[in-house]
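Report on the following structure.
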Amino acid sequence: MTRTALIVVDVQYDFLPHGSLAIPDGDRILSPINKLLDVEEGWDWTIVVASQDYHPPGHISFASTHDAQPFTSRIVTDVHGRTYEQMMWPDHCIACHKCLEAYSAFEGYLLAPESTTSSDATHDRPVDPPVSSRETELARYLSLNRIQKVVVVGLALDYCVQSTALSSLEAGFPTAVFLPGTAGTSVEGETTAISAVKEKGGVVVIEKELRKWIQ
Ligand SMILES: [Zn+2]
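Residue numbers for the sequence shown follow the UniProt record's numbering, beginning at 1 and rising by one.
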């Protein structure tokens, strides 16, 4: 098997059924991902990395911070003076809450979760560190491990999974999204994400194709 990294994106209680930002049917991905982690299934990953979404209370992306309706979008200005359009999310993945925890099976794979925490946590409207710094860090970690191919699973396909796959491609890694191991917020969202990944040269595969792809 080629030196391959498996990246498990944001599989956390808040994104699973009954969570505050649940992906419908999100738990359908758990068994396929667990299978990928089962050596008896014949998988042999060079590294497995899990990521975690994390926000301090009062985060700039929370509807409650702005008295806005969840799932609408707003122009916001962050503490650095950057102005951009932001989707208003329900409060989710807040530090120190159980909902932040990664689904326990994948906890052992978390890559320095504190590195994704906000350095602006003390501000009124905390922001995330620039996405680019998080992603560069991951790319560096993959290179250090002489990774040749990247497989991405997790939640949600049309948000963090898509952006992880796209930045992996951008960093030069041949990248596959394993379809049974991911779920989107809607069918349209899934379709758009799949096209976006394919358009940038990524592949979207089911199990048989994945085994072939990583040989
Ligand atoms: Zn979030």
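By construction, the Cβ of each residue, glycine as well, lies at the ideal position given by its N, Cα and C atoms.
- Three or more beta-carbon pairs drawn from the region 4-12 and the region 144-161 are found closer than 8 Å, and the two stretches are therefore classed as touching.
- Look at Thr72 here: in three-state DSSP terms it is coil, with no helix or strand label.
- Under the DSSP definition of a beta bridge, Trp89 partners with Phe62.
- The distance from the Cβ of Ile47 to that of Gly181 is about 16 Å, inconsistent with a contact at the 8 Å cut-off.
- The beta carbons of Ala171 and Leu210 sit no closer together than 9 Å.
- Distance between Gln69 and Trp43, taken at the CA atoms: about 44 Å.
- Here Gly202 has Ala165, Leu169, Thr175, Ala176, Val177 as same chain residues with Cβ atoms under 7 Å from its own Cβ, once five neighbours each way along the sequence are excluded.
- Counting C-beta atoms within 10 angstroms of its own C-beta, Phe71 has fewer than 16 neighbours from the protein chains shown and is therefore classed as exposed.
- Between Ser73 and Gln86, the gap from beta carbon to beta carbon is short of 9 Å.
- Sequence-distant Cβ neighbours of Asp25 in its own chain, meaning closer than 7 Å and more than five residues away, are Ala183.
- If you check the C-beta of Ser64 against ligand 1, you find no heavy atom less than 8 Å away.
- Residue pairing from DSSP places Thr175 in a beta bridge opposite Val150.
- Burial state of Tyr84 is exposed, judged by a 10 Å Cβ sphere holding fewer than 16 other Cβ atoms.
- Residue nearest to Ala95 within the set Val76, Pro57, Ser186, Glu199 is Pro57 (criterion: CA-CA distance).
- A straight-line Cα-Cα distance of about 33 Å links Glu207 and His55.
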